[in-house]
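Peer 1: All letters in the sequence shown, in the order written, are residues -21 to -1, 1 to 296 by mature numbering (1 follows the signal peptide of the UniProt record, and there is no 0).
Ideal placement from N, C-alpha and C gives every residue a C-beta, glycine not left out.
Here the structure is a predicted model, which is why all the values come from computation and not from measurement.
I have a structure here, written as structure tokens, and I will follow up with some questions on it.
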Amino acid sequence: MKSRNLILAAMLLAMSSTMMAQQNIKKAFDALLNEKITDNRASHVLDRDPETGRMTAMADVYDFTISSKSALERLDDVRKAFEKDKKDAYSINSGIREKGGEDTEVEPFSSLFESLGFPSVSLSVGDGKHPSVSIGTMKGSDYIYACFADKDDPDHRYRYAYALEWVEKSKKTHVRLAVTYALRPEARDNSKDKKKSKINRIIVNGKDVSVDKPSGMLDNIFSSVLNYSTDSLLFNREKTPESWLSEFNNYKRLFLKNPDGATATHYATSIYSLCKKSAMLEPEEKKLVINELTKLKAAAKDELIQNIFEMSIKKLK
């Protein structure tokens, strides 16, 4: 037993600082993938520098369905793991995919992206020569992703991205887990080995846009026009009363679809977080939301969720 403990200790010491940074997410991913899952599909990408042996590109993507109580508990553990590891992430984002419904703050330009072939969120792989990984494409889904700098990269150019997307349908939960390894956006922009394009310069909104390669050109144009990045969908726009109410309504409808489901607590806490940032609402608008929260509290059977809605009401008052 003593020798086994020494071996485990040595393994932990050997783990890179980056893997330790997102250890909760990684462990939660592994635990969920070890559960009983159906409709399982996976894809993998791995590139290494032939001279140094260092990884330069990686993508592990899993699409599957779960329904058992233990698997749903592991899914909840994954969501909690993002919260535990967020202090080590340089970027963490989440959103709701409501295709055909009201716009939410995270995807006000979703129809434009879809018409051009862009998903809500696109996580890069390597230096961009591999297809990116789409997150937030399932109707009615929630998603969250976090980016961590690779602390073992001597040039500080690479990052790991971990992503989760899930949606409940017909008493089954469809899940996508993804891990990618890629150059950070600024490293891709400043890469010295880019091939020169025949087009030397494009100006958008009075700003020069890089056109070193088509994918970089499109990414930079979207960055200039929409503040869009392939590693995060950040529009930096101030929340308005209209967008606040639209986001609240989305969370409300998703909660009411299954108020006793595995994601009920998640939607309730999302509503509470939203209510903490309700200063822009007018008194009549707050009164309207309080009435809706009262209905949600009555629909909830879980005592914790009832208390969360009660706290939300107090925040609005």
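So, is asparagine 72 buried or exposed, given that buried needs 16 or more other C-beta atoms within 10 angstroms?
Peer 2: Along the sequence shown, one-based indexing puts residue 72 at 93. With 16 or more other Cβ atoms within 10 Å, it is buried.
Peer 1: Report yes or no: do the segment 42 to 57 and the segment 11 to 27 share at least 3 C-beta pairs separated by less than 8 Å?
Peer 2: Contact holds: three or more Cβ-Cβ distances are below 8 Å.
Peer 1: Along the chain, where does the beta strand (DSSP E) that runs through aspartate 121 open and close?
Peer 2: Your numbering for residue 121 matches position 142 in the sequence shown. Counting along the chain, the beta strand (DSSP E) containing aspartate 121 begins and ends at 120 to 128.
Peer 1: Around the C-beta of tyrosine 69, are 16 or more other C-beta atoms found within 10 angstroms, so that it is buried, or is it exposed?
Peer 2: In the sequence shown, the residue the question calls residue 69 occupies position 90. Classification for tyrosine 69: exposed.
Peer 1: Return helix, strand or coil for serine 222, following the three-state DSSP convention.
Peer 2: Counting from 1 along the sequence shown, the entry for residue 222 is found at position 243. It is helical.
Peer 1: Helix, strand or coil: how does DSSP classify isoleucine 75 here?
Peer 2: Within the sequence shown, the letter at position 96 stands for residue 75. Strand at isoleucine 75.
Peer 1: Between which residues of its own chain and arginine 27 is the CB-CB distance below 7 Å, once the five residues before and five after are set aside?
Peer 2: Working through the sequence shown from its first residue, we reach residue 27 at position 48. If we look at arginine 27 and ignore the five residues flanking it on each side, its Cβ neighbours are Arg33, Met34 and Thr35.
Peer 1: Out of curiosity, what's the CA-to-CA distance linking leucine 156 and aspartate 106?
Peer 2: Here residue 156 refers to the residue found at position 177 when the sequence shown is read from its first residue. Here residue 106 refers to the residue found at position 127 when the sequence shown is read from its first residue. Going by the C-alpha atoms only, they are around 21 Å apart.
Peer 1: Alpha carbon to alpha carbon, how far is lysine 276 from arginine 58?
Peer 2: Along the sequence shown, one-based indexing puts residue 276 at 297. Along the sequence shown, one-based indexing puts residue 58 at 79. Straight-line Cα distance between these residues: approximately 23 Å.
Peer 1: Since aspartate 129 contacts tyrosine 137 with CB under 8 Å, what's their CB separation in whole angstroms?
Peer 2: Within the sequence shown, numbered from 1, the residue matching residue 129 stands at position 150. Within the sequence shown, numbered from 1, the residue matching residue 137 stands at position 158. 4 Å between Cβ atoms; contact.
Peer 1: Distance check for histidine 153 and tyrosine 122, CA to CA, integer angstroms please.
Peer 2: One-based indexing of the sequence shown puts residue 122 at position 143. One-based indexing of the sequence shown puts residue 153 at position 174. Distance between the alpha carbons of tyrosine 122 and histidine 153 is about 12 Å.
Peer 1: In terms of residues, what are the limits of the alpha helix (DSSP H) holding serine 49?
Peer 2: By 1-based counting over the sequence shown, the position of residue 49 is 70. Start and end: 48 to 64.
Peer 1: Opposite leucine 162 in the DSSP bridges: which residues?
Peer 2: Counted from its first residue, the sequence shown places residue 162 at position 183. Paired residues: Tyr137.
Peer 1: On the DSSP letters alone, give me the boundaries of the alpha helix (DSSP H) that methionine 290 sits inside.
Peer 2: Locating residue 290 in the sequence shown gives position 311, where the first residue counts as 1. Its alpha helix (DSSP H) spans residues 282 to 295.
Peer 1: Write down the C-beta distance between alanine 241 and leucine 11 rounded to the nearest angstrom, noting that I regard them as a contact closer than 8 Å.
Peer 2: Stepping through the sequence shown from its first residue, residue 241 is reached at position 262. Stepping through the sequence shown from its first residue, residue 11 is reached at position 32. Alanine 241 to leucine 11, Cβ: 12 Å. No contact.
Peer 1: What residues are listed by DSSP as bridge partners for valine 112?
Peer 2: The residue you call residue 112 lines up with position 133 of the sequence shown. According to DSSP, which records beta bridges pairwise, valine 112 is partnered with Leu102.
Peer 1: Could you give the residue range of the alpha helix (DSSP H) that holds threonine 244?
Peer 2: Residue mapping note: residue 244 aligns to position 265 of the sequence shown, counting from 1. Element bounds for threonine 244: 243 to 254.
Peer 1: In terms of residues, what are the limits of the alpha helix (DSSP H) holding aspartate 9?
Peer 2: The residue you call residue 9 lines up with position 30 of the sequence shown. Element bounds for aspartate 9: 2 to 12.
Peer 1: Starting from the Cα of aspartate 39, find the closest Cα among Ser103, Lys265 and Pro29 and give me that residue.
Peer 2: Indexing the sequence shown from 1 puts residue 39 at position 60. Per the Cα distances, Ser103.
Peer 1: Within its chain, find whatever has a CB closer than 6 Å to the CB of leucine 246; leave out the 5 residues flanking it on each side and keep chain order.
Peer 2: Here residue 246 corresponds to residue number 267 of the sequence shown, with the count starting at 1. Rather than leucine, the amino acid found at residue 246 in this sequence is tyrosine. Within the same chain, tyrosine 246 has close Cβ partners Tyr230, Leu233 and Phe234.
Peer 1: Return the CA-CA distance between leucine 283 and proline 110, expressed in angstroms with no decimal places.
Peer 2: Looking up residue 283 in the sequence shown gives position 304. Looking up residue 110 in the sequence shown gives position 131. Roughly 42 Å separates the two Cα atoms.
Peer 1: Going by C-alpha distance, which of Ser49, Lys5, Val112 and Lys118 is nearest aspartate 64?
Peer 2: In the sequence shown, counting from the first residue as 1, residue 64 sits at position 85. Checking every option, the nearest Cα to that of aspartate 64 belongs to Lys5.
Peer 1: Buried or exposed: glutamate 263, going by 16 or more other Cβ atoms within 10 Å of its Cβ?
Peer 2: Taking the first residue of the sequence shown as position 1, residue 263 is located at position 284. Label assigned to glutamate 263: exposed.
Peer 1: Out of curiosity, what's the CA-to-CA distance linking lysine 265 and threonine 31?
Peer 2: As a first step, residue 265 is located in the sequence shown; it is residue number 286 there, counting from the start. As a first step, residue 31 is located in the sequence shown; it is residue number 52 there, counting from the start. In a straight line, the C-alpha of lysine 265 is about 59 Å away from that of threonine 31.
Peer 1: Please list, in chain order, all residues of the same chain as glycine 119 whose beta carbon is under 6 Å from its beta carbon, the five residues on each side excluded.
Peer 2: On the sequence shown, position 140 is the one that residue 119 refers to. Same-chain partners within the cutoff: Val146.
Peer 1: Closest to glutamine 2 by C-alpha separation, out of Ser49, Pro29, Val268 and Ala125, would be which residue?
Peer 2: To locate residue 2, count along the sequence shown from 1; it is residue 23. The candidate whose alpha carbon is nearest that of glutamine 2 is Ala125.
Peer 1: How big is the Cα-Cα spacing for alanine 243 and leucine 253?
Peer 2: As a position in the sequence shown, residue 243 is number 264, starting the count at 1. As a position in the sequence shown, residue 253 is number 274, starting the count at 1. Each residue's alpha carbon lies about 15 Å from the other.
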